[in-house]
Amino acid sequence: MLTHSTGVPPLERRVDLQGFDEHLQYLRDGSFSRLGAPGEYMSYCNDTFLLLGAIVEKATNMSYFRCIEEFFFKPLGMDRSTFHVEKLKEMTNVSTPYVQDAGEVAVTGWPELGNYAVGGGIRSTTYDVVQFVNELARNEERYGGMWAPRFSLDRYSQYGYGLVVTPDYDGRTVVGHGGSQLGFRRSLCSCPRRSFLSLC
-3 MLTHSTGVPP LERRVDLQGF DEHLQYLRDG SFSRLGAPGE YMSYCNDTFL
47 LLGAIVEKAT NMSYFRCIEE FFFKPLGMDR STFHVEKLKE MTNVSTPYVQ
97 DAGEVAVTGW PELGNYAVGG GIRSTTYDVV QFVNELARNE ERYGGMWAPR
147 FSLDRYSQYG YGLVVTPDYD GRTVVGHGGS QLGFRRSLCS CPRRSFLSLC
């Protein structure tokens, strides 16, 4: 699922679905054609991240969001990272999302992501992201598989488990991921073995 090779194509986004059970039913009932057998093709699909969220909940007997808070945010001191829009309202010095509408730039609200928060709904800071990336780099034995190449994206880059991997960027392994929400776009690139990190 982290390699986006389940055979499930990109699907219509359904933020109205409540909880993983509803979303899993949506996937079961979906009238979509598989792209191929699992492992045959790589096609980015946010809905498959939700399956991982459901598995984490089953395995840990806690909500996915609480699990991430307990196992990553708290131990790493990521005090300004959250999945919850309401928590942002309690914080100071928080980014403001903007959109362009009919040529005019306007402030917009933080989007509610529903179940899709599992695949990229963390609102964070540069400091907190550095703590997370340092954790990955310090524990390559545990996390190194995330940047082991699995599927070719282009001549230079491949996809690992949840990360884009460029195995030989001037002799260095570069890993990263990008994403967007309404009002924001960001990209992370890191050389885990060289203590280098770029956030845009």
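Counting from -3, one number per residue, gives the positions in the sequence shown under my numbering.
Beta carbons are placed, not taken as given, at the ideal position from N, Cα and C, and that holds for glycine.
Distance CB(residue i)-CB(residue j) smaller than 8 Å
i: L132; j: P188; result: yes
i: V95; j: F45; result: no
i: Y112; j: R30; result: no
i: L20; j: A55; result: no
i: F67; j: M74; result: no
i: F180; j: S186; result: no
i: W143; j: T169; result: yes
i: Y40; j: P6; result: yes
i: L47; j: M87; result: no
i: D124; j: R182; result: no
i: F147; j: T(-1); result: yes
i: R119; j: L84; result: yes
Span of the beta strand (DSSP E) around residue i
i: L236; result: Residue 236 lies beyond the range of the chain shown here (-3 to 196); nothing can be said about it.
i: R175; result: The residue asked about is misnamed: residue 175 is Gly in this sequence, not Arg. Its beta strand (DSSP E) spans residues R168 to Q177.
Top-ranked residue by Cα proximity to residue i, from the options
i: T78; options: T121, L46, S39 and G105; result: T121
i: G172; options: V161, F67 and C41; result: V161
i: L149; options: S186, M38 and S194; result: M38
i: Q177; options: S186, L193, L109 and D166; result: L109
i: G175; options: Y165, P163 and L195; result: L195
i: P145; options: Q154, F61 and S1; result: Q154
i: G158; options: G140, R151 and D164; result: G140
i: E53; options: F16, D124, G179 and R151; result: F16
i: S1; options: R24, E18, N42 and R151; result: N42
i: L184; options: R62, S59, V126 and N135; result: V126
i: P107; options: V129, P163, E82 and E86; result: E82
i: D25; options: G32, V4 and E36; result: V4
i: G116; options: E18, D12, Y60 and V101; result: Y60
i: G35; options: G167, P163 and G156; result: G156
For residue i, the first and last residue of its enclosing alpha helix (DSSP H)
i: E53; result: N42 to T56
Residue-level contact to chain C via CB, residue i, 8 Å cutoff
i: D12; result: Among the chains of the structure shown, chain C does not appear; only one protein chain is present.
Bridge-paired residues (DSSP) for residue i
i: A205; result: This structure cannot settle anything about residue 205, because the visible part of the chain is limited to -3 through 196.
Any non-hydrogen atom of the ligand FMN closer than 7 Å to residue i Cβ
i: G141; result: For the ligand FMN, the structure offers nothing, since it holds no ligand at all.
Review point. Which whole runs of the beta strand (DSSP E) in the stretch 58 to 98 are 3 residues long or more, in chain order?
Key: 94 to 97
Practice item. Report the residue ranges of all beta strand (DSSP E) runs contained in full by the stretch 111 to 195; include only those spanning at least 3 residues, in chain order. Key: 160 to 165, 168 to 177, 180 to 187 and 192 to 195
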